[in-house]
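Asker:
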Amino acid sequence: MPKITDTITTADGTCTVHLFTPEGDGPWPGVVMYPDAGGARDTFDEMGAKLADFGYAVLVPDVYYREGDWAPIDMKTVFGDPEERKRLMSMMGNVTHDKMAMDAGAFFDYLAGRPEVSGDKFGTTGYCMGGRTSLTVAGRVPDRVAAAMSFHGGGLVTDSEDSPHLKADQIQAAVYVGGAENDASFTADHAEQLEKALTAAGVEHTIETYPAAHGFAVPDNGPYDAAAADRHWNAMHDFFGAHLG
């Protein structure tokens, strides 16, 4: 699977990205794949390449580029190590909703300028923190997103004034949310609130709960669940196929 390593200049610096494309001439619809809290790493290279094999040009960005040369995070042990957990929480906190939207504009401009990419509206997908980013971008950069997916995303419904569900009336994309079972970051009540917000806004959407724990779709996460991960790949295949062509 072809892989291009490149950089994108944003208002805050230079973001390293990996672009994966299918074999062949293209062009293909573009998708931004937002990593979980562990950031861009080998696992997401593998996942980006797998999604590209479905017929998409897939951009995997280093969402922590503002941190400089940050040390890798072990997602299987980070939450049991107080110092590593503190570092991770700080890095996550620095990726604000405003920064997500600003970066997304740069990512979409980059994709629109690539010969491998077709169209001027894109897909977004993400995991954990990246699942929140995917929906945040759909609400804040609505004219650039045709399909937005979130898997075991947390913080989709909060008491904050910038909660993603409060931007439902801005979303132009079709939305798919695959939540995890018994996930405090996206509960059944959160799912109900999101459902009501999207329905009231007239947004085409699907919200499902997978019988698996938070982190089920990402292979290097401790709670990885192969059956749930396969289901999520099938969902991406069908959803992006329906809404990105």
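For what it's worth, our numbering labels the leading residue of the sequence shown as 6, then goes sequentially. Glycine included, each C-beta is placed from N, C-alpha and C at the ideal position.
#1: Counting C-beta neighbours from all protein chains within 10 Å, is the total for N187 16 or more, i.e. buried, or is it exposed?
#2: Using DSSP bridges, identify the partner residues of Y132.
#3: Would you list the residues sitting across from H210 in a DSSP beta bridge?
#4: With DSSP as the reference, identify every bridge partner of L64, one or two as the case may be.
#5: What did DSSP end up calling D188 once you bin it into helix, strand or coil?
#6: For Y181, collect the residues of the same chain with a Cβ closer than 6 Å to its Cβ; drop the 5 residues on either side in sequence, then sort them by chain order.
#7: Assuming G110 contacts V146 (C-beta within less than 8 Å), just tell me the rounded distance between them.
#8: Tell me whether F221 sits in a helix, a strand or coil according to DSSP, three-state version.
#9: Assuming F59 and H170 make a contact with CB atoms under 8 Å, what is their CB distance in whole Å?
#10: According to the Cβ coordinates, are F113 and G136 closer than 7 Å?
#11: Just list the residues that DSSP pairs G85 with in beta bridges.
Answerer: Put simply:
#1: exposed
#2: F156
#3: V180
#4: L24 and V37
#5: coil
#6: M154, T211 and F244
#7: 6 Å
#8: coil
#9: 28 Å between Cβ atoms; not a contact.
#10: no
#11: Answer by DSSP bridge pairing: none, since G85 is not bridged.
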